[in-house]
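Numbering (UniProt numbering), first residue to last: 1 to 176.
In this text, a Cβ means the ideal position worked out from N, Cα and C, and glycines have one as well.
None of these values were measured; they are calculated from a predicted model.
Encoded as structure tokens, the structure appears first; notes follow it.
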């Protein structure tokens with residue numbers, strides 16, 4: 001994003017506010033990690049020593065720059081200001097040709113209420129207004145709920161990649 005350009009944040013939908021994380025919300029980030037499926041790669045789960053800790057998340061939030069056209073935003077319910085998870089764009093790797101990847105994760109008690117889809121539409125609009133031409137999303141084949149969200153958003157599978165431990169990873173893409 002050009003210097004001095006607006007980030008367009010916060011993002012707003014009928015029910016949600018998407019905004020940068022606050023240090024006081026580090027425990028929510030850690031809770032997301034504790035709820036992760038055991039099939040998620042170990043580097044993305046709480047380890048045997050209990051890391052990352054709430055203090056680790058506090059430090060990461062403090063060090064994070066304000067998102068410009070990438071970044072994971074807290075998803076807050078407008079009705080009661082509860083933070084229910086995150087949604088945003090992360091820098092893509094080789095599997096996404098270096099273009100941004102849509103990422104979202106909600107606390108389990110908020111699954112099935114349409115928040116991931118609603119938040120993702122706001123992020124897709126943010127990406128489009130930031131000049132991105134395509135978005136990618138990678139998801140494990142066993143994560144049926146996320147695959148359903150991506151289908152609603154118009155992502156189409158481009159290819160799949162086999163991982164010896166975690167199974168099939170679906171690589172999807174959406175033109176903006």
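Pick from the options that is closest to residue i, judged by C-alpha positions
i, options, result
"residue 153", "163, 116, 107 and 69", "116"
"residue 17", "128, 49, 45 and 118", "118"
"residue 107", "94, 69 and 84", "84"
"residue 160", "13, 141 and 145", "141"
"residue 64", "170, 165, 124 and 21", "21"
"residue 39", "173, 168 and 112", "168"
"residue 157", "69, 171 and 146", "171"
"residue 56", "68, 23, 71 and 48", "23"
"residue 52", "69, 174, 105 and 31", "31"
Range covered by the beta strand (DSSP E) that runs through residue i
i, result
"residue 74", "71–77"
"residue 171", "167–175"
"residue 159", "156–163"
"residue 182", "Residue 182 lies beyond the stretch modelled for the chain, which goes from 1 to 176, so this question has no answer here."
"residue 45", "Segment: none, residue 45 is in no beta strand (DSSP E) and carries neither H nor E."
"residue 19", "16–19"
Limits of the unbroken alpha helix (DSSP H) element including residue i
i, result
"residue 62", "54–63"
"residue 34", "26–34"
Nearest-angstrom Cβ-Cβ length linking residue i and residue j, presumed shorter than 8 Å
i, j, result
"residue 120", "residue 87", "6 Å"
"residue 127", "residue 176", "6 Å"
"residue 54", "residue 27", "5 Å"
"residue 132", "residue 69", "7 Å"
Query raised in the report: Counting only runs that start and end within the region 84–150, where is the beta strand (DSSP E) found for 3 or more residues in a row?
Result: 101–106 and 134–140
Query raised in the report: Within the chosen definition, does the region 66–85 reach the region 33–49 through at least 3 CB pairs nearer than 8 Å?
Result: Look at the beta carbons and you see the region 66–85 not touching the region 33–49: under three pairs across the two are nearer than 8 Å.
**Report entry** Touch test, the region 132–148 against the region 90–109, Cβ-Cβ under 8 Å, three pairs minimum
**Finding:** Contact holds: three or more Cβ-Cβ distances are below 8 Å.
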